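**Student:**
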Amino acid sequence: MNMNHTTSKTALITGASSGIGKALAENFAKDDYNLVLAARGVPKMQTLADDLQRRYKIGVTVIGADLETDDGAARLHAAIKARNITISALANNAGYATFGEFKDSALAPELALMQLNMNTVVVLTKLFLPDLIATRGKIMNTASTAAFQPGPYMAVYYATKAFVLSFSEAIAAELEGTGITVTALCPGPTASGFQDKANMHASALVKGKKLPTADDVAAAGYRAMQRGQRVYVPGVMNWVMAQSVRFTPRNWVTALVKQMSKPSPT
Ligand SMILES: NC(=O)c1ccc[n+]([C@@H]2O[C@H](COP(=O)([O-])OP(=O)(O)OC[C@H]3O[C@@H](n4cnc5c(N)ncnc54)[C@H](OP(=O)(O)O)[C@@H]3O)[C@@H](O)[C@H]2O)c1
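What follows is the structure in structure tokens.
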């Protein structure tokens with residue numbers, strides 16, 4: 000891959016093979032960033048890379064990475080440094096959910112998603128901070144509206160997103176004055192590969208609903224990142240719900256989410 004020498008900006012996007020990450024790649028490319036795309040689905044990312052390189056004359060590096068393994072994030076960092084690439088924007092976006100009652104669910108996928116949704120975000124942020132400080136760069140962490148309250152039937156997933164939101168806001172405050180901005184993008188349900196992967200089409204959260212597209216969510220999130228907004232919730236109703244939980248008794252909120260999320264009969 001040839002990096003475009005007319006631009007010195009390079010964005011690393013995890014989970015770039017599908018959904019919001021793929022759509023974020025388009026936004027960064029349009030803004031003249033070179034890209035590093037990371038996920039497991041190399042053929043899909045290569046197709047995207049070829050398209051973006053042709054349309055935007057940028058450089059795109061594709062790296063196959065399994066980021067739910069213990070050393071996946073550190074290996075990705077090493078692979079990028081071996082190519083002498085400096086990262087000036089980091090989009091920690093890869094993530095997934097499991098759906099169902101905790102008492103019945105398998106432990107292994109829940110531990111794997113905790114590794115991906117939380118540990119990988121921390122490791123990549125830590126390892127790329129020297130690059131980001133040197134370039135006065137940008138961090139975008141894809142959290143979720145799940146971050147604002149507990150989530151019955153997706154208990155582990157909601158807890159991971161609360162972690163991402165809290166972590167993002169905390170380091171944003173620490174990094175004040177460095178020129179780095181940190182944005183937690185908090186989408187509500189969005190049409191992507193997410194619902195298939197979580198096997199959650201029976202959930203009342205998504206069943207029969209017209210969901211916003213990943214393109215719309217990514218474009219709005221990208222603009223929020225560019226203006227340095229710390230927490231961005233796309234969609235008015237999502238924003239209202241995220242705010243309303245702040246002054247509603249917590250057990251009411253949890254009961255409401257249980258009602259909204261439970262598998263609905265076919
Ligand atoms: N869609 C929603 O309703 C929604 C709402 C709120 C927040 N979010 C968040 O948005 C982010 C993106 O999800 P999406 O909606 O775009 O879903 P998606 O279409 O399923 O995309 C998920 C991405 O994560 C990558 N990924 C999954 N497991 C991985 C692993 N082990 N190693 C590396 N990459 C991995 C996938 O790539 P490979 O499978 O090729 O590895 C894919 O590129 C996630 O953090 C999700 O939690 C989604």
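So the sequence shown is numbered by numbering that gives the first Met the number 0: it starts at 0 and just counts up by one. Glycine included, each C-beta is placed from N, C-alpha and C at the ideal position. Keep in mind the model is a prediction, meaning the values are calculated, not measured.
#1: Relative to ligand 1, is the shortest distance from any of its heavy atoms to the C-beta of Ser260 smaller than 7 Å?
#2: Over the uninterrupted alpha helix (DSSP H) stretch that includes Thr134, give me the two end residues.
#3: Check each candidate in Leu131, Met153, Asp69 and Asn140 and name the one with the smallest Cα separation from Lys102.
#4: Does the distance from the C-beta atom of Ala213 to that of Thr177 stay below 8 Å?
#5: Please report how far the alpha carbon of Gln258 lies from the alpha carbon of Ala197, in whole angstroms.
#6: Check for me: the alpha helix (DSSP H) holding Leu112 runs from which residue to which?
#7: Taking three-plus beta-carbon pairs below 8 Å as touching, is the segment 167-176 in contact with the segment 60-77?
#8: Is the distance from the Cβ of Asn92 to the Cβ of Ile12 below 8 Å?
#9: Assuming Thr159 is part of the alpha helix (DSSP H), what are its boundary residues?
#10: Compute the minimum distance between the beta carbon of Gly94 and the heavy atoms of ligand 1, and state whether it is under 7 Å.
#11: Which two residues bound the contiguous alpha helix (DSSP H) that contains Asn91?
#12: Is the separation between the beta-carbon of Lys137 and that of Ala146 shorter than 8 Å?
#13: Could you check if Met199 is buried or exposed, using at least 16 other CB atoms within 10 Å of its CB as the buried criterion?
**Tutor:** Inspection of the coordinates gives the following:
#1: no
#2: Thr119 to Thr134
#3: Met153
#4: no
#5: 18 Å
#6: Leu106 to Met113
#7: no
#8: yes
#9: Ala154 to Glu173
#10: yes
#11: Run containing Asn91: none in the alpha helix (DSSP H); it sits in the beta strand (DSSP E), Ala88 to Asn91.
#12: no
#13: buried
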